[in-house]
Amino acid sequence: MAEIILKTEEEIELIRESALIVSKTLGILASEIKPGISTLRLDTIAETHIRDLGAEPGFLGLYEFPNTLCMSPNAQVVHGIPNNEPLKEGDIISIDCGAIKNGFYGDHAYTFAVGEIDPKIEKLLKVTKASLFEGIKNFKKGNRVGDIGYAIQNYCEKEGFGVVRELVGHGLGKTMHEGPEIPNYGRRGRGKKLLDGMVLAIEPMINLGTRKINQLDDGWTILTADGKASAHFEHNVALINGKPELLSTFDYIYKALGLSNSEERPFRKEYLAL
Ligand code: MG
Ligand code: MG
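Going by the numbering used here, the sequence shown opens with residue 2, and the numbers climb by one from there.
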């Protein structure tokens with residue numbers, strides 16, 4: 002089990018810088034995603050942008066992962082490898098992106114719709130994203146790790162969705178995966194205490210059908226056992242003065258998609274008007 006490392010204010014600012022580089026990169030990708038573009042092309046765009054911002058891709062070479070982005074379309078949950086196959090109308094694509102600058106990582110994710118999607122899948126995306134904020138709300142003084150997982154699990158299971166058990170959120174800092182592990186399920190009041198200076202990657206991975214998953218022979222790609230869609234949203238959050246504060250933002254994505262962003266307001270030091 003990886004160590005829990007509490008961060009100083011200065012270290013939190015460095016993680017914020019890396020997290021915002023990821024946020025901006027996902028914003029660039031949001032305006033490029035359309036039927037016909039391949040995930041490998043999007044990967045190249047992301048790598049170029051991350052390097053232009055003075056950072057390095059966080060996933061490239063990590064545990065020998067071959068690319069900048071984890072690209073997981075449709076029934077893929079996470080850790081999909083970019084390829085030349087074009088995205089098509091009605092697909093969804095989960096993009097997980099990491100960057101490292103000044104020795105600290107940022108790591109967050111968003112599931113995008115490619116054109117018009119099935120209303121059932123649209124609901125999966127909406128619920129998964131809302132569950133992320135339910136989890137963030139519970140990252141506060143007096144709570145424990147199980148309170149975060151409980152909030153996410155409860156929110157998603159009441160909609161009938163499957164909550165993946167095998168993959169979890171994590172602490173974040175000079176290494177991509179620090180303690181504590183943050184499962185997307187749990188029991189209230191159980192697990193490690195949440196402490197000021199913790200920086201977490203909270204990341205619900207939620208399936209339209211069964212929570213069961215399989216792994217492809219490539220040694221990376223995780224996909225749903227029933228072939229139904231899966232969604233993944235991830236934010237980086239610090240616990241400061243007993244309250245959760247977002248270090249990453251979906252602002253750049255929303256700006257690209259012409260959406261407004263109110264859900265992040267309670268968790269921001271100040272609202273970064275764009
Ligand atoms: Mg991630
Ligand atoms: Mg993560």
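C-beta: ideal position from N, C-alpha, C; glycine also.
query, result
"heavy atom of ligand 2 below 7 Å from residue 171 C-beta", "yes"
"Any residue whose CB is nearer than 5 Å to a heavy atom belonging to ligand 1, listed in chain order", "97, 108, 110 and 235"
"Distance cut-off 7 Å: residue 131 Cβ against heavy atoms of ligand 2", "no"
"Cβ-heavy atom distance, residue 204 to ligand 2, below 7 Å", "yes"
"Cβ shell of residue 46 (< 7 Å), same chain only, five flanking positions each side left out", "29, 30 and 33"
"Same chain, Cβ closer than 8 Å to residue 261, five either side skipped, listed in chain order", "255"
"Residue 103 burial status per 10 Å Cβ neighbour count (16 or more: buried)", "exposed"
"Distance CB(residue 185)-CB(residue 153) smaller than 8 Å", "yes"
"DSSP three-state assignment for residue 275, whether helix, strand or coil", "Bear in mind that a pLDDT of 42 at residue 275, under 50, signals an unreliable position, so the model cannot answer this."
"Burial state of residue 275 (16 or more Cβ within 10 Å)", "In this prediction, residue 275 has a pLDDT of 42, which is less than 50 and means its spatial position is unreliable; nothing more can be read from the coordinates."
"Proximity of residue 231 and residue 109 at Cβ, strictly below 8 Å", "no"
"Spatial neighbours of residue 253 in its chain, beta-carbon cut-off 6 Å, leaving aside the 5 residues before and after", "24, 25 and 28"
"Residue 111 versus residue 217 - alpha carbon distance", "22 Å"
"As assigned by DSSP and simplified to three states, the class of residue 165", "coil"
"Cβ-Cβ distance between residue 36 and residue 121 below 8 Å", "no"
"Inter-residue Cα distance where the pair is residue 145 and residue 192", "6 Å"
"Short CB-CB distance (under 8 Å) between residue 50 and chain D", "Of the protein chains in the structure, only one exists, and it is not chain D."
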